[in-house]
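Read in my numbering, the sequence shown has 311 at position 298, and its numbers run on one by one without any break. Where is the CB? At the ideal position from N, CA and C, for every residue including glycine.
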Amino acid sequence: MSDKIEPHLFVILGALGDLAQRKLFPAVYNLSASEQFGENHIILGVDLDDTLNDEGYRASIQGVLEAAGLAVNADQVNYWCDCRLHYQSLGSGGGADFQKLATRIEALEQEHGLAGNRIFYLALPSDAVPNVVKGLGEAGFNDSPGWTRLVVEKPFGWDMASAQELNAGIHRYFNESQIYRIDHYLGKESVQNLLVFRFANAFVEHLWNREHIESVQITVAESLGVESRAQYYERAGAIRDMIQNHLTQLLCLVAMEVPSAFEAGSIRHEKLKVLGQIEPIHPDDVVLGQYSGYQQEDGVSAQSSTLTFAALKLQIASWRWKGVPFYLRTGKHLPLRCSQIVVAFERAPVSIFHPSKSEDDVKPNLLIITLQPDEGIDFHIQVKSIGDPISLTTQQLSFHYADAFGTLPDAYEHLILDVVTGDQTLFVCDSEVEASWGLYDHLSGNEAISINSYEAGTWGPEEINQLGAPWHNPES
Ligand code: BG6
């Protein structure tokens, strides 16, 4: 890993799209305007519109940055756009258009004294990715006088077969060390803190196993519905959109063994081991749902069977975890937006404070790791209430990022900085993508699993109780 910001050209393909405008430009602006970046880098937006020139594009990005609340210093934004930002149309995306792009890139590099370090960020609809990769590869962009990095966004395929095809298509031109597959959850500070919490606090390791943990549940709840993304979401649904990637990555970070170093090779190796140890998921351990009213959303088929909710139980056949159920749950239109990992520890085996002396009378200690919002860690402990006779109540030991550090940077800022410095630790490799599809392929479209309806604003279909999880619903 290198922290050095080397002079480079940052090419965003899909520069007029929603992802580029909402996420990438604010992040790139914040990074690029910071002192550590220095002067030697430029950004080239590439899209299909051939009526736009540099000036027009700069004006539109100024608007984007203002809308993102970054125009506190308007002069600085204008100066940044004028000095850093360029636009190139990719026309109809044919071979000649990629050659024109090559000519423009060489001219810009010469003009700005850049040595040929290039990042190609594919902020594109998934259907466009294979052709653009081919266009880049055939125009020779996989090789340059400096280094070349290719950033790819999810979905990394729609199932195992299409993921393999996508990986093979990218590998035809780019090797794995050039590819940065983004799972933006890995860029969240609170998600990276999972590893710090586990591996920088020695006491945790002693408790982090089947001897002391009763169950683990990972919830990524969203309060919004499908909004304007029906075209993508109809094809995706909750398992492909969230479980196969974000929740499975979280599961790997919770369950993996200690890596030998905080670097890409060691971390990927440990995550892959976890993926390989997950037992086949039985359809009885899966509850699927769709919020009522989904079929009436704009762009959604009136007969749609797309999942907006999925919950499942899985088991990891390893010495550390055998017998500990892991519950994953995600859904749209749930009561609130909150991502949490709840680790339930074994209860005191005998309760000397209750006449029955039963362990059931004591609540388990819960470790609640909130990934968003109000990122932090709460540990639920039993304490004595004041007075006689002795009675127990639950209180929390808490750490919250906002109290300790203030506002957290956006995940994209962190990940883009890692691309620029060439650090693949927080990016997903080809084998992880394929191993993860291997877990869920048999669930999508499986007629043995019914799709239950649930009301918007609830915690999903009632059938979720059949999984036997001690569901802990986050509170607002
Ligand atoms: C995206 C999914 O990957 O993650 C969306 O495609 C989802 O459907 C989003 O809403 C959630 O991300 P975050 O960071 O808002 O929790």
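Going by the C-beta, is residue i closer than 7 Å to any heavy atom of ligand 1?
i: Glu-151; result: no
i: Glu-310; result: no
i: His-10; result: Since the displayed the chain opens at 14 and closes at 489, residue 10 lies outside it and no answer follows.
i: Glu-235; result: yes
i: Ser-352; result: yes
i: Gln-205; result: no
i: His-197; result: yes
i: Lys-167; result: yes
i: Asp-297; result: no
i: Gln-385; result: yes
i: Met-255; result: yes
Would you report the Cα separation of residue i and residue j, rounded to the nearest angstrom?
i: Ser-15; j: Gly-129; result: Confidence at Ser-15 is low in this model, with a pLDDT of 46, below 50, so the placement of that residue should be treated as unreliable; the coordinate-derived value is given next. Ser-15 and Gly-129: Cα-Cα distance of roughly 18 Å.
i: Gly-458; j: Asp-298; result: 15 Å
i: Ser-492; j: Lys-376; result: This structure leaves residue 492 out entirely; the chain is present only between 14 and 489.
i: Asp-253; j: Leu-65; result: Note that residue 253 corresponds to Arg in the displayed sequence, not to Asp. If I take the Cα positions, the gap works out to 35 Å.
i: Cys-94; j: Ala-251; result: 38 Å
i: Asn-206; j: Gly-108; result: 44 Å
i: Phe-212; j: Ala-415; result: 22 Å
i: Asp-401; j: Phe-366; result: 12 Å
i: Ile-496; j: Thr-232; result: The chain is shown from 14 up to 489; residue 496 falls before or after that span and cannot be answered.
i: Gln-290; j: Leu-149; result: 37 Å
i: Leu-114; j: Leu-285; result: 38 Å
i: Glu-491; j: Tyr-92; result: This structure leaves residue 491 out entirely; the chain is present only between 14 and 489.
i: Leu-199; j: Gln-262; result: 8 Å
i: Val-204; j: Leu-384; result: 6 Å
i: Arg-360; j: Ser-371; result: 10 Å
i: Gly-106; j: Ala-243; result: 25 Å
i: Asp-311; j: Tyr-246; result: 12 Å
i: His-21; j: Val-433; result: 8 Å
i: Leu-379; j: Gly-470; result: 25 Å
i: Ser-279; j: Met-173; result: 24 Å
i: Leu-260; j: Glu-202; result: 16 Å
i: Glu-468; j: Tyr-304; result: 6 Å
i: Gln-101; j: Gln-123; result: 16 Å
i: Glu-119; j: Val-271; result: 44 Å
i: His-225; j: Ser-241; result: 44 Å
i: Phe-169; j: Gln-479; result: 31 Å
Quick one, which of the options has its alpha-carbon nearest residue i's?
i: Arg-162; options: Leu-430, Pro-487, Ile-464; result: Leu-430
i: Leu-121; options: His-99, Cys-94, Pro-138; result: His-99
i: Leu-26; options: Leu-137, Tyr-307, Lys-201, Asp-311; result: Leu-137
i: Arg-281; options: Gly-106, Gly-82, Val-441, Leu-320; result: Val-441
i: Ile-56; options: Asp-63, Gly-336, Phe-38, Asp-62; result: Phe-38
i: Cys-96; options: Leu-61, Ser-45, Asn-144; result: Ser-45
i: Ala-277; options: His-485, Thr-232, Gln-191, Thr-438; result: Thr-438
i: Asp-62; options: Leu-103, Met-269, Trp-472; result: Leu-103
i: Leu-500; options: Gly-419, Ile-394, Thr-420; result: For residue 500 there is no data in the structure shown, the boundaries of the chain being 14 and 489.
i: Cys-265; options: Ala-448, Leu-32, Glu-52, Thr-383; result: Ala-448
i: His-346; options: Val-313, Glu-292, Glu-119, Trp-472; result: Trp-472
i: Tyr-70; options: Asn-53, Ile-477, Leu-29, Ser-105; result: Leu-29
i: Leu-492; options: Gly-238, Ser-157, Ser-369, Asn-144; result: Any question about residue 492 goes unanswered here, given that the chain covers just 14 to 489.
i: Glu-476; options: Trp-334, Gly-470, Ser-466; result: Ser-466
i: Asn-155; options: Ser-404, Ala-268, Glu-189, Phe-339; result: Glu-189
i: Gln-408; options: Phe-392, Val-267, Leu-179, Leu-320; result: Phe-392
i: Leu-135; options: Glu-124, His-125, Lys-147; result: Lys-147
i: Val-239; options: Phe-210, Glu-48, Gly-344, Pro-293; result: Gly-344
i: Phe-23; options: Trp-160, Ala-72, Gln-75, Val-217; result: Trp-160
i: Asp-196; options: Gly-389, Leu-428, Leu-320, Leu-452; result: Leu-428
Where DSSP assigns a beta bridge to residue i, which residues make up the other side?
i: His-54; result: His-21
i: Ser-369; result: Answer is none; Ser-369 lacks a bridge partner.
i: Ser-102; result: Asp-60
i: Ser-411; result: Asp-391
i: Gln-230; result: Tyr-340, Val-355
i: Thr-134; result: The residue asked about is misnamed: residue 134 is Tyr in this sequence, not Thr. Beta-bridge pairing links Tyr-134 to Ile-25, Val-164.
i: Gly-194; result: The amino acid occupying residue 194 in the given sequence is Arg; Gly does not appear at that position. Paired residues: Val-165, Val-441.
i: Gln-479; result: DSSP lists no partner for Gln-479.
i: Thr-383; result: Gln-353, Gly-389
i: Val-300; result: Ala-324
i: Ile-118; result: Answer is none; Ile-118 lacks a bridge partner.
i: Ser-466; result: Gln-303
i: Thr-261; result: Its beta-bridge partners do not exist; DSSP assigns none.
Assuming residue i and residue j form a contact by the criterion Cβ under 8 Å, report the distance between their Cβ atoms to the nearest whole angstrom.
i: Gly-302; j: Pro-474; result: 4 Å
i: Arg-248; j: Val-337; result: No, Arg-248 and Val-337 are not in contact; Cβ-Cβ is about 34 Å, not under 8 Å.
i: Leu-78; j: Val-90; result: 5 Å
i: Ala-152; j: Phe-187; result: Ala-152 to Phe-187, Cβ: 13 Å. No contact.
i: Val-142; j: Val-165; result: 7 Å
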